[in-house]
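Asker: First to last, the sequence lines map onto chains A and B.
All you need for our numbering is the position in the first sequence, starting with 1, plus 645.
All you need for our numbering is the position in the second sequence, starting with 1, plus 1.
Just so you know, even glycine gets a beta-carbon here, dropped at the ideal spot from N, CA and C.
This one's a predicted model, so the numbers in the text were calculated from it and none came from an experiment.
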Amino acid sequence: EAQVTQNPRYLITVTGKKLTVTCSQNMNHEYMSWYRQDPGLGLRQIYYSMNVEVTDKGDVPEGYKVSRKEKRNFPLILESPSPNQTSLYFCASIGQMGAFFGQGTRLTVV
Amino acid sequence: AQRVTQPEKLLSVFKGAPVELKCNYSYSGSPELFWYVQYSRQRLQLLLRHISRESIKGFTADLNKGETSFHLKKPFAQEEDSAMYYCALGNTYKYIFGTGTRLKVLA
Numbered sequence: 646e647a648q649v650t651q652n653p654r655y656l657i658t659v660t661g662k663k664l665t666v667t668c669s670q671n672m673n674h675e676y677m678s679w680y681r682q683d684p685g686l687g688l689r690q691i692y693y694s695m696n697v698e699v700t701d702k703g704d705v706p707e708g709y710k711v712s713r714k715e716k717r718n719f720p721l722i723l724e725s726p727s728p729n730q731t732s733l734y735f736c737a738s739i740g741q742m743g744a745f746f747g748q749g750t751r752l753t754v755v
Numbered sequence: 002a003q004r005v006t007q008p009e010k011l012l013s014v015f016k017g018a019p020v021e022l023k024c025n026y027s028y029s030g031s032p033e034l035f036w037y038v039q040y041s042r043q044r045l046q047l048l049l050r051h052i053s054r055e056s057i058k059g060f061t062a063d064l065n066k067g068e069t070s071f072h073l074k075k076p077f078a079q080e081e082d083s084a085m086y087y088c089a090l091g092n093t094y095k096y097i098f099g100t101g102t103r104l105k106v107l108a
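1) If we ignore side chains and look at the alpha-carbon of each, how far apart do Phe746 (chain A) and Tyr734 (chain A) end up?
2) Shortest alpha-carbon distance to Ser13 (chain B) belongs to which of B:Glu80, B:Ile97, B:Gly91?
3) What is the DSSP secondary structure of Asp683 (chain A), counted as helix, strand or coil?
4) Under three-state DSSP, which class holds Glu675 (chain A)?
5) Show which residues of chain A have a CB atom less than 7 Å away from the CB atom of Gly99 (chain B).
6) Considering only the beta carbon of each residue, do Ala89 (chain B) and Val5 (chain B) sit closer than 8 Å?
7) So for Gln762 (chain A), helix, strand or coil by DSSP?
8) How close, in whole Å, do the beta carbons of Tyr676 (chain A) and Met695 (chain A) come, if the pair is a contact with beta carbons under 8 Å?
9) Could you say which of A:Asn729, A:Ile722, A:Val697 lies nearest to Glu715 (chain A) if we only look at CA atoms?
10) Can you give me the C-alpha to C-alpha distance between Val659 (chain A) and Lys58 (chain B), rounded to a whole angstrom?
11) Note down, in chain order, each residue of its chain lying with its Cβ closer than 7 Å to the Cβ of Pro32 (chain B), except the 5 sequence neighbours on either side.
12) Please tell me whether Leu107 (chain B) and Leu22 (chain B) are closer than 8 Å, where the distance is taken between their beta carbons.
13) Answer with yes or no whether the minimum CB distance from Phe35 (chain B) to chain A is below 8 Å.
14) The stretch 676-701 of chain A: which residues have C-beta closer than 9 Å to a C-beta of chain B, in chain order?
15) For the stretch 67-99 of chain B, enumerate the residues whose C-beta is nearer than 9 Å to any C-beta of chain A, in chain order.
16) Could you tell me which residues DSSP puts in a beta bridge with Arg50 (chain B)?
17) Listing by chain order, which chain B residues have their CB less than 8 Å from the CB of Gln748 (chain A)?
18) Let me make sure I understand the geometry here. Which of B:Thr69, B:Glu9, B:Gln43 has the alpha-carbon closest to that of Gly30 (chain B)?
19) Using the three-state DSSP reduction, which class does Glu9 (chain B) fall into: helix, strand or coil?
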């Protein structure tokens, strides 16, 4: 079964404490992407990756990092989280049939 | 500039009534357009691709290049259609989403 798996589903952390949200796909897609979803703003792209070791900024990359060491994994890293990064995050794996999304990670930064 | 506009934040209709969720886009070239649906507390799921011209769950969408629109339609709304709907314009790696329309189907 085609899957995009994100972990954790929920995370509460404190300002400045580094965290990583993992994303894994089993569809052998080259393209993966991270979005944040905020009320009234829809989904905004944070970073994307076109293949292993190839990543680029989306529309709202500030405060985030990513890596793509293997095709299946695309973790999102917040080196020093701040309260304005409180949001719902989605990872997507993108193929010919469209984008497949993870189940989302609800992050709260206090 | 590439853009997707969904003018309605909320659309309420009665069960059995027709539904039209509006989507307009701005794109130089041949767009690939999608509709995604997000049910409460669930991930986004692909509903329709304009290329496939399928009808999924009774929904259809026609790409109108002259009006740069890709409106989502259903002739008779069901309560289980209540969800958040996102129109998206995409190429292989960059998807641009609209701000979404929440559809509420009232009993």
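Answerer: Once the coordinates are examined:
1) Here residue 746 (chain A) refers to the residue found at position 101 when the first sequence is read from its first residue. Here residue 734 (chain A) refers to the residue found at position 89 when the first sequence is read from its first residue. Cα to Cα, Phe746 (chain A) sits roughly 10 Å from Tyr734 (chain A).
2) As a first step, residue 13 (chain B) must be located in the second sequence, where it is residue number 12. Closest option to Ser13 (chain B), Cα to Cα, is B:Glu80.
3) Within the first sequence, residue 683 (chain A) is the residue found at index 38, counting from 1. Three-state DSSP puts Asp683 (chain A) in a strand.
4) What you label residue 675 (chain A) is simply residue 30 of the first sequence in a count that begins at 1. Coil.
5) Locating residue 99 (chain B) in the second sequence gives position 98, counting from the first residue. The answer, in chain order, is Gly687.
6) One-based indexing of the second sequence puts residue 89 (chain B) at position 88. One-based indexing of the second sequence puts residue 5 (chain B) at position 4. Cβ atoms of Ala89 (chain B) and Val5 (chain B): closer than 8 Å.
7) One cannot answer for residue 762 (chain A) here, as it falls past the ends of chain A, which runs 646 to 755.
8) As a working note, residue 676 (chain A) is residue 31 in the first sequence. As a working note, residue 695 (chain A) is residue 50 in the first sequence. Contact holds; Cβ gap of about 6 Å.
9) Here the question's residue 715 (chain A) lines up with position 70 in the first sequence. Among A:Asn729, A:Ile722, A:Val697, the Cα nearest to that of Glu715 (chain A) is on A:Val697.
10) For the purposes of this step, residue 659 (chain A) is identified with residue 14 of the first sequence, where counting begins at 1. For the purposes of this step, residue 58 (chain B) is identified with residue 57 of the second sequence, where counting begins at 1. Val659 (chain A) and Lys58 (chain B): Cα-Cα distance of roughly 43 Å.
11) Within the second sequence, the letter at position 31 stands for residue 32 (chain B). Only Tyr26, Leu90 meet the Cβ criterion.
12) The residue given as residue 107 (chain B) occupies position 106 in the second sequence. The residue given as residue 22 (chain B) occupies position 21 in the second sequence. No, Cβ-Cβ distance for Leu107 (chain B) and Leu22 (chain B) is not below 8 Å.
13) Walking along the second sequence from the start, residue 35 (chain B) turns up at place 34. Closer than 8 Å to some Cβ of chain A, the Cβ of Phe35 (chain B) qualifies, so yes.
14) Tyr676, Met677, Ser678, Tyr680, Gln682, Gly685, Leu686, Gly687, Leu688, Arg689, Gln690, Tyr693, Ser694, Met695, Asp701
15) Tyr87, Ala89, Gly91, Thr93, Tyr94, Lys95, Tyr96, Ile97, Phe98, Gly99
16) In the second sequence, residue 50 (chain B) corresponds to position 49, counting from 1. Note: Arg50 (chain B) sits in a beta bridge opposite B:Phe35.
17) Along the first sequence, read from residue 1 onward, the residue named residue 748 (chain A) stands at position 103. Those are Gln43, Arg44, listed as they occur along chain B.
18) Locating residue 30 (chain B) in the second sequence gives position 29, counting from the first residue. Considering only alpha carbons, the answer is B:Thr69.
19) Working through the second sequence from its first residue, we reach residue 9 (chain B) at position 8. In the structure shown, Glu9 (chain B) sits in coil (DSSP, three-state: anything other than H, G, I, E or B).
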